[in-house]
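Going by the numbering used here, 24 is the number at position 44 of the sequence shown; the sequence numbering is gapless.
Accompanying notes for the structure given below.
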Amino acid sequence: MPTYTFQSNKTGEIWDDVMSWKELDDYYIKHDCEQIIGTPTTIASDKSLYAQTDDGFKDR
């Protein structure tokens, strides 16, 4: 399930919560908040998988 970031309309507090897409509408009403849209976190690597394997694997 996806993680959503919300901001309270009353206090401005920001938090993350995990839920299905179907639960979003009820969550907005119950918590008096709005969703903050942002870019997803990415994981970068400076080495390829092939560069990390040992020499015995590369002999094939």
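A virtual CB, placed ideally from N, CA and C, is assigned to each residue, including glycine.
All values reported here derive from a predicted model rather than from experimental measurement.
| Item | Value |
| --- | --- |
| Residue closest to Met(-19), alpha-carbon to alpha-carbon, out of Lys10, Trp1, Thr19, Asp12 | Trp1 |
| Cβ shell of His11 (< 8 Å), same chain only, five flanking positions each side left out | Phe(-14), Ser(-12) |
| Gly(-8) to Gly18 span [Cα, whole Å] | 16 Å |
| Identified DSSP bridge partners for Glu14 | Gln(-13) |
| is_contact[Ile16, chain B] using C-beta, thresh 9 Å | Of the protein chains in this structure there is only one, and it is not chain B. |
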